[in-house]
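Heads up, the thing below is written out as structure tokens.
Numbering (our numbering), first residue to last: 1 to 329.
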């Protein structure tokens with residue numbers, strides 16, 4: 001009798017466990033999408049495409065801005081409290097990688113990084129966290145090559161051209177991008193002495209404007225100017241600073257990175273400005289595909305690739321419609 005009762009209890013336990021497992025697998029999928037500067041157009045676009053992924057796949061998306069480490073950890077804990085199963089993140093500081101990994105494990109959440117690769121205390125990429133980003137150096141080279149081609153087209157003497165490098169070197173991908181741009185310009189014959197660093201306090205247009213304004217004031221000897229930076233906002237800040245000092249579009253060539261709303265607005269102004277173009281990267285790919293990859297991972301359909309590096313295309317006033325079409329925008 002006792003054996004019969006034990007056997008029955010065991011069967012009930014097994015059945016209950018299987019039921020719980022099935023029920024858990026059938027739970028509605030909820031995914032967080034955490035970005036460091038929610039107000040920036042690039043991140044707004046990523047969110048928009050992530051929302052499209054949520055609609056297409058039938059999961060719930062939770063969008064959270066995380067401007068600092070404290071709010072980031074609170075956001076991850078909040079996602080766990082909401083019974084989310086994972087999150088996509090562009091961290092406010094890539095060196096918080098280990099803290100993100102620990103917090104995700106503690107809360108049993110899957111995580112994919114986007115845009116900026118998370119690193120450990122020694123600066124090495126955290127291989128256990130799948131990543132979608134770009135080759136910062138390669139994108140930067142595209143910027144420099146695009147500028148060099150336009151300078152040649154305008155028949156400027158490179159000895160008379162100043163190069164504003166709007167710098168945010170504490171972010172590895174920012175340094176990679178501007179280093180790639182500067183290396184391409186040097187290869188095209190631009191003198192190293194003509195390169196002027198303009199360190200920005202943040203990665204927005206206002207900070208870039210302030211940094212570039214100082215650089216322009218200290219280097220009034222140049223006849224023409226070109227500008228490079230982390231993103232479109234950095235280059236737009238340099239262009240606005242140049243305009244404030246009377247430097248017009250025919251004496252300025254700025255090429256940004258991103259190709260999002262800020263670049264679109266600038267390139268569609270009635271008259272050309274010093275913002276010549278942008279190396280467009282796909283916010284759709286970064287927002288939509290990372291979200292779908294995480295959804296598939298959570299539901300057991302597929303493990304995300306360890307690393308995906310997306311490519312860019314130089315978009316100008318002349319070719320923007322074609323570039324947007326080719327980039328699926």
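Ideal Cβ positions, reconstructed from N, Cα and C, are used throughout, including at glycine.
None of the values given here were measured: they were computed from a predicted structure.
Residues near residue i by beta carbon distance below 6 Å, same chain, minus five either side
i, result
"residue 348", "The displayed coordinates of the chain run from 1 to 329. Any statement about residue 348 would go beyond what the structure contains."
"residue 315", "259, 277, 278, 280 and 323"
"residue 207", "200 and 201"
"residue 129", "111, 113 and 118"
"residue 255", "143, 146, 147, 276 and 277"
"residue 251", "224"
"residue 69", "96"
Neighbour-count burial assignment, residue i, 16 or more Cβ in a 10 Å radius
i, result
"residue 218", "exposed"
"residue 339", "As displayed, the chain neither begins before 1 nor continues past 329, which places residue 339 out of reach and without an answer."
"residue 312", "buried"
"residue 200", "buried"
"residue 177", "buried"
"residue 323", "buried"
"residue 293", "buried"
"residue 236", "buried"
"residue 205", "buried"
"residue 116", "buried"
"residue 326", "exposed"
"residue 320", "buried"
"residue 246", "exposed"
"residue 121", "exposed"
"residue 318", "exposed"
"residue 309", "exposed"
"residue 45", "buried"
Neighbourhood of residue i by C-beta distance below 8 Å, restricted to the same chain and skipping five residues each side
i, result
"residue 203", "37, 40, 168, 171, 174, 230, 231, 233 and 234"
"residue 161", "151, 190, 194, 222, 223, 224, 225 and 226"
"residue 196", "162, 163, 164, 165, 215, 218 and 219"
"residue 23", "Note that residue 23 has pLDDT 34, beneath the 50 cutoff, so the model's placement of it is unreliable and the number below is only indicative. Within the same chain, residue 23 has no close Cβ partners at all."
Enclosing alpha helix (DSSP H) for residue i [first to last residue]
i, result
"residue 217", "205-218"
"residue 223", "Where residue 223 is concerned, there is no enclosing alpha helix (DSSP H), given that its DSSP letter is neither H nor E."
"residue 253", "It is not in any alpha helix (DSSP H) - residue 253 instead sits in the beta strand (DSSP E) that spans 252-258."
"residue 172", "172-187"
"residue 322", "320-326"
Residues sharing a beta bridge with residue i, DSSP
i, result
"residue 132", "114 and 308"
"residue 87", "32 and 111"
"residue 62", "32"
"residue 278", "256 and 315"
"residue 125", "119"
"residue 104", "Partner(s): none; residue 104 has no beta bridge."
"residue 197", "165"
Host beta strand (DSSP E) of residue i (start-end)
i, result
"residue 74", "Per DSSP, residue 74 belongs to no beta strand (DSSP E); it is in the alpha helix (DSSP H), 69-81."
"residue 163", "161-167"
"residue 247", "Unbroken run through residue 247: none, as it is neither H nor E."
Near the ligand MG: residue i beta-carbon under 7 Å from a heavy atom
i, result
"residue 62", "The model depicted lacks the ligand MG and carries no ligand whatsoever."
Close Cβ partners of residue i (< 7 Å) along its chain, the five nearest in sequence each way excluded
i, result
"residue 298", "29, 85, 86 and 110"
"residue 241", "209, 212, 213 and 216"
"residue 52", "288"
"residue 123", "none"
CB contact check: residue i to chain C, cutoff 8 Å
i, result
"residue 125", "This model lacks chain C altogether, as it is built from one protein chain only."
### Query
Counting Cβ pairs closer than 8 Å, one from the stretch 256-266 and one from the stretch 298-306, do we hit at least three?
Of all C-beta pairs linking the stretch 256-266 to the stretch 298-306, fewer than three are shorter than 8 Å, placing the two stretches out of contact.
### Task
Decide if the stretch 93-103 is in contact with the stretch 278-285; the criterion is three or more beta carbon pairs, one per stretch, under 8 Å apart.
Three or more Cβ pairs closer than 8 Å define a contact, and the stretch 93-103 falls short of that threshold against the stretch 278-285.
### Task
Report yes or no: do three or more beta-carbon pairs, one from the stretch 61-79 and one from the stretch 26-36, lie closer than 8 Å?
Proximity of the stretch 61-79 to the stretch 26-36 meets the contact definition, three or more beta-carbon pairs being nearer than 8 Å.
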